[in-house]
Amino acid sequence: MYVCFEIVTFLLAFNFYDLVLTQDSSCCHHAVEPSPCWEACAQLATIKSESHLKHLLQRLPSYCPDSTNELWICINSTLPGASRKSDGWEGLGCCELAISAECRRECKKASSKNDITKICKKDTEKPLYSCITKNEMGSVCCNYAGRHTNCREYCQAIFRTDSSPTVSQIKAVKDYCQSISPQLIDCVGNYTKSYPIRSPIDSLYCCERADEPHCQVACRRILRTMTTEHEIMEGLINECGSQPLPQDPLWQCFLGSAHPPTKSETETSPTAKMDGAKLHCCSKANTSLCRDMCQGISTNWGTQTWQEFDQMCEYNPVETDLITCLSDVREPCQLGCKDLAYCTNFNNRPTELFRSCNIQSDQGALNDIKLWSNGTIKMPFMNIPVLDIRKCLPEMWKAVACALQIKPCYSRARSSAICKSDCVDILTQCGDRKRFHEGQTAERICEILSPVDDPQSCIPLERYLTPSSLGNVMEEVIHPCNPNPCPSNHLCEVNRKGCQLGQDCLPFFCVPGCKLGEASEFLVQLEARVQVPLRNGQAGCFEVCTCGQSGRLEGCADMPCIDTSKTCIVGGQRKNHGTSFRVDCHPCSCFAGDTICSARQCLSGDSSDEDRRRFTGLPCGCPDRFVPVCARNGRTYPSACVARCMGFKDNQFVFGHCRSSNPCSPNPCHRNQRCLPNHRVCLTDLPDPCPQHECVARPLGCDKSHSDPVCDTDNMEHPNLCQLLQQGKTLAYTGHCQEACKKAQHVCGHNGETYNTVCEAYSDRVAMDYQGPCHAVGSVADFTFDSGCDMIPCPALSTPGCIPVTPPGACCPLCAGMLQILWNKEQMNVFAKLNRNQPVTVHDILRILRLHISVPQCDIFGYLSINSEIIILIVPVDQQPTPLQIEACSMEAKKIDSLINYGSPTLISHVPLSAFLTSEVKISTIRPSQPSEHHPGPQAGSWVCCAFLPSPPESPTRGSLDNQTHCLH
């Protein structure tokens, strides 16, 4: 069964995932029905996720033992190249490559790779393990040849060499095997394409050896854009002005590499055979072994298997950050769990986070329980003998199986490990100690499996021993994209625009995306700009690419490398790159040797009464007078003092609100263009001020089928902006026209700007602070003795008993989740320069983060605070949100906060979110002593797309507006 285990794992590495999915379940009739084997076999044709398929294929030999001979014969004929039994261990011929004599002896006696792992360490015996992996690949591919000796021998020659296969070797395989087995040709082709230094871009490191900087730049461009050896050679000679002499370091390196393939051999993108998302995680490894294995698998997909990585690193307690990061890529944490038939205690939990709440995991938990009932729990690196779990704590074992499959990740560490005390308790009572290996105890086993006992960092099983306290209530919080209803090459987005009357409407959109590498499951939206680590795995080196219409990453450009080895000295202590910490009240982060801190104002504990009396909480101790100025970044500051404190010179700001000026007067656009005001706040510091307008061509015709409603200043609605402009109207705000916004009723936003209506504020992704024009400034510190907000009449809270948050610089509290984000302006500037000096704006940040808000009952707003932190608010959209909806918005905020602070590729692969350094979260809760009235949500099967305006001033409440008029059911 070891061979079957190896083969199915290896097949995944060779991208046979789609092939496995296309097979039907015809083999399964060879298994006894019903049985764990039959159920596991039947699942093969239903699984969409690569990670789920990988998990099931790895366990299939345990469900279907060697005695199910006919089943395995059938499966072997379906899974290409598979062989239930091996003619001999593939690694036997590699033993002479072992460095230590002890390893060589153990290797020659071994009957499988598992037999040598205890003696032969992978970090010191790399040649041996490289040879074994290559032989395993050859076994899989060359088995296609069947009894055709010549074809088999030419195939095996490909895998016998330590160097790149030659053109003549590859041609011989094609000549002798094309008519015999097209599958063999494909299998060998996958191997040769993924062989190290088989692509021109794999020689990029050679460019660094050129003496002249212009030659280094030209070399990188040539290797990315040219495909044949002749083109590359000619290009390097022309650009670098030198002949290919062997003593030249550039040519020595380039000519010593394997020759790049011709265009006819392969068409590769910059990330072919690479998983850029997982490669992001490799830098988080704490051991060189796991780092190297992670990089090798992520950059040369097909040359190694994740099974080896799992055995060495999956349960290594020092690799928690690496494993959590990889989990985020494979199965991101999502709110909500329902519709489980076996793990029913996990249902009705709309405000908890899970990685894998779906039917396949539910069935997987049931299969695991049946498998464990045989008396042994098989792990990648150990077997745990147990008593009859059907009699010994059966509900506890069910909770274990479900937790490991459904994977709650609400804890601070986002780990899916159960708590150590639960592990020790269940193994003490139910472990079969008579069959424990020498020295094996419940405590020692759990020290490896579940070393943590902090409920904030592990899964306490008690939580899932009983059903959810919510019961089967009507849904107040829904999850349109969980489980994912879209094809594997599409992303699911929550529908926040609503639909026109008479149209069929779904609560989600399926939008095409790009993979972060051929071997990646992780998708990004079309036209998204992403940051991808370079293939050589050098820490701190990235390229920025765009998701093109072809569905591939394109237009890639190298970023300046970040020196991650530099440290910061803070208070006499050394801080590593990426470390977050506090200095007094300031959140800080070390970035490549630079200490970056917020500009918050602090009041020490030993401050005098006079100090406290004078403390305003504003930057530089500025007075809290509201005399607004508009700075060159498009942000309105409450006074010239605050603007100067934030680094603006007197000639870089003017008095007055930014939105009060008309950026289209005088008209900056060409005669055939129309100027549209587009007020925005820039996060980049470029030579030109932040543009506050855009020039659009005067439309000759509009796509009338395109629905993205907008409202003009006469309160007339148009299907899209093009038709509004075609009729010569002026845009008031995006979204459907709202009756409550028909007349101007000034409101003050959290950004200190006055808007004509609340609809205009929400269209600008800014939530309302209070009614009327802005005329006061709130504190940005945790403590103020006095404030200019004292005389502001604040709206009532949206939900009685809510413990609110007050956004920095605002006057009024609200029920929401709030993030305060410290970010790196220099990195923002780098991104802008790589994008033809296009500025990065607050709107850009909000647009990307909005995609991560998974429930339509919450929406995102934000602004740049007056002390230069990015403030994100996740607010319930209903006028009177229920406690459950407030909790959901708070959990969305905590989810994003965790992704930022852990540097998850889910976020940091997106430009410009990768400039985020650290985040602090504050959430709203409901006082237990004052529970609010339960508000029934929509009926099951319905979804909320309504958002409510605040009530009139005489009965003000908070809410959020989105681009729709009607509720849809």
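Mapped onto mature numbering (1 follows the signal peptide of the UniProt record, and there is no 0), the consecutive letters of the sequence shown carry residue numbers -22 to -1, 1 to 947. Cβ coordinates follow ideal geometry from the N, Cα and C atoms, glycine included. These numbers were taken from a predicted model, which means no experiment stands behind them.
Quiz prompt | Segments of 3+ residues assigned as beta strand (DSSP E) that fall wholly inside the segment 314 to 397 | solution = You should have 354 to 356 and 361 to 363.
Quiz item: Below 9 Å between beta carbons: does that hold for N462 and G529?
Solution: No, they are not a contact pair.
Practice problem: Only counting runs of 3 or more residues, tell me where the beta strand (DSSP E) segments fall wholly within the segment 850 to 884, in order along the chain. | Solution: Those beta strand (DSSP E) runs which fall completely within the segment 850 to 884 and span 3+ residues do not exist here.
Quiz item: Taking I781 as the reference, which of P859, T884 and I901 has the closest Cα?
Solution: Restricting attention to P859, T884 and I901, the CA atom closest to the CA of I781 is found in I901.
Quiz item: Roughly how many whole angstroms lie between the Cα atoms of Q383 and S586?
Solution: A direct Cα-Cα distance of roughly 57 Å separates Q383 from S586.
Exercise. Could you tell me which residues DSSP puts in a beta bridge with E48?
Key: For E48, which the question treats as bridged, DSSP gives no partner whatsoever.
Exercise. Compute the Euclidean distance between the alpha carbons of S685 and N554, then round it to the nearest angstrom.
Key: Distance between the alpha carbons of S685 and N554: 50 Å.
Quiz item: Going by alpha carbons, who is nearest to G491 out of D536, Q503, Q798 and R649?
Solution: Closest by alpha carbon: Q503.
Practice problem: Return the chain-ordered list of same chain residues with a C-beta closer than 7 Å to the C-beta of Q147, the five sequence neighbours on each side being excluded. | Solution: Around Q147, the same chain offers A135 and I136 as residues with beta carbons nearer than 7 Å, after the five sequence neighbours per side are excluded.
Self-check item: DSSP bridge partner residues for I781 (one or two, in chain order)
Solution: T903.
Quiz prompt | Touch test, the segment 311 to 328 against the segment 351 to 371, Cβ-Cβ under 8 Å, three pairs minimum | solution = Fewer than three pairs of CB atoms, one per stretch, sit closer than 8 Å, so the segment 311 to 328 makes no contact with the segment 351 to 371.
Quiz item: Considering only residues of the segment 686 to 754, which uninterrupted alpha helix (DSSP H) runs meet the minimum length of 4 residues and lie entirely inside it, listed in chain order?
Solution: Under the rule that a run must span 4 or more residues, the alpha helix (DSSP H) segments found entirely inside the segment 686 to 754 read 699 to 704 and 736 to 741.
Quiz item: By Cβ distance below 7 Å, which residues in the same chain neighbour P616 in space, the five residues on each side in sequence not counted?
Solution: Excluding positions up to five away in sequence, the list reads F604, P606, G730, V755 and I844.
Self-check item: Cβ contact (3+ pairs, closer than 8 Å) linking the segment 890 to 899 and the segment 265 to 277
Solution: When Cβ pairs closer than 8 Å are counted between the two stretches, the segment 890 to 899 is seen not to touch the segment 265 to 277, the count staying below three.
Self-check item: N- and C-terminal bounds of the alpha helix (DSSP H) containing D589
Solution: Looking at the DSSP string, the run of the alpha helix (DSSP H) that includes D589 is D587 to R592.
Exercise. Report buried or exposed for G766, applying the criterion of at least 16 other Cβ atoms within 10 angstroms of its Cβ.
Key: G766 should be labelled buried.
Quiz item: Just to confirm, are H671 and C653 a CB contact at a threshold of 9 Å?
Solution: Result yes, Cβ atoms of H671 and C653 sit closer than 9 Å.
Quiz item: Exposed or buried, what is K873 when buried is set at 16 or more other beta-carbons lying within 10 Å of its beta-carbon?
Solution: That one is buried.
Quiz prompt | Alpha-carbon to alpha-carbon, A866 and C470 | solution = Between the alpha carbons of C470 and A866 lies a gap of roughly 19 Å.
Practice problem: Report yes or no: do three or more beta-carbon pairs, one from the segment 309 to 317 and one from the segment 429 to 442, lie closer than 8 Å? | Solution: Touching, no, given that fewer than three Cβ pairs across the two stretches are closer than 8 Å.
Exercise. Please state if the CB of C563 and the CB of L581 are separated by a distance shorter than 9 Å.
Key: Yes, Cβ-Cβ distance for L581 and C563 is below 9 Å.
Quiz item: Given C459, which residues of its chain have a CB within under 8 Å of its CB, disregarding the five upstream and five downstream residues?
Solution: Non-local C-beta neighbours of C459 in its own chain, meaning closer than 8 Å and more than five positions away in sequence, comprise Q312, C470, E471, V472, F486 and S832, ordered along the chain.
Practice problem: Assign S117 to one of three DSSP states: helix, strand, or coil. | Solution: Residue state, collapsed to three classes: helix.
Quiz item: CB A263 to CB P227, shorter than 9 Å?
Solution: Taking 9 Å as the Cβ cut-off, A263 and P227 do not qualify as a contacting pair.
Exercise. Could you check the C-alpha separation between L775 and T860 for me, to the nearest Å?
Key: Taking the straight line joining both Cα atoms gives about 12 Å.
Self-check item: Reduced DSSP secondary structure (H/G/I, E/B, other) of V522
Solution: In the three-state scheme derived from DSSP, where H, G and I count as helix and E and B as strand, V522 is classed as strand.
Quiz item: Quick one: what's got a C-beta closer than 6 Å to V151's C-beta in the same chain, skipping five residues either side?
Solution: Answer for V151: Y132, C133 and V166, listed in chain order.
Exercise. Pull up the DSSP beta-bridge partners for S558, would you.
Key: Looking at the DSSP assignment, S558 forms a beta bridge with S567.
Exercise. Mind checking which residues open and close the alpha helix (DSSP H) that includes A196?
Key: Its alpha helix (DSSP H) spans residues P191 to T203.
Practice problem: Go ahead and pull the three-state DSSP assignment for A609. | Solution: Strand at A609.
Quiz prompt | Minimum Cβ-Cβ distance from G679 to chain E less than 9 Å | solution = Among the chains of the structure shown, chain E does not appear; only one protein chain is present.
Practice problem: Starting from the Cα of S446, find the closest Cα among Q418, A497, H821 and P328 and give me that residue. | Solution: Distance from the Cα of S446 is smallest, within the candidate group Q418, A497, H821 and P328, for P328.
Self-check item: Segment limits, beta strand (DSSP E) that includes Q418
Solution: Premise fails: Q418 is in no beta strand (DSSP E) and is neither H nor E.
Exercise. Examine the Cβ distances between the segment 789 to 799 and the segment 845 to 856 and report whether three or more of them are shorter than 8 Å.
Key: Of all C-beta pairs linking the segment 789 to 799 to the segment 845 to 856, three or more are shorter than 8 Å, placing the two stretches in contact.
Quiz item: Should K63 go down as buried or exposed, given a rule of 16 or more other Cβ atoms within 10 Å for buried?
Solution: With a pLDDT of 33 at K63, under the threshold of 50, the modelled position of that residue is not reliable, and no figure is offered here.
Practice problem: Could you tell me the boundaries of the beta strand (DSSP E) in which V674 lies? | Solution: First-last of the beta strand (DSSP E) with V674: H671 to A675.
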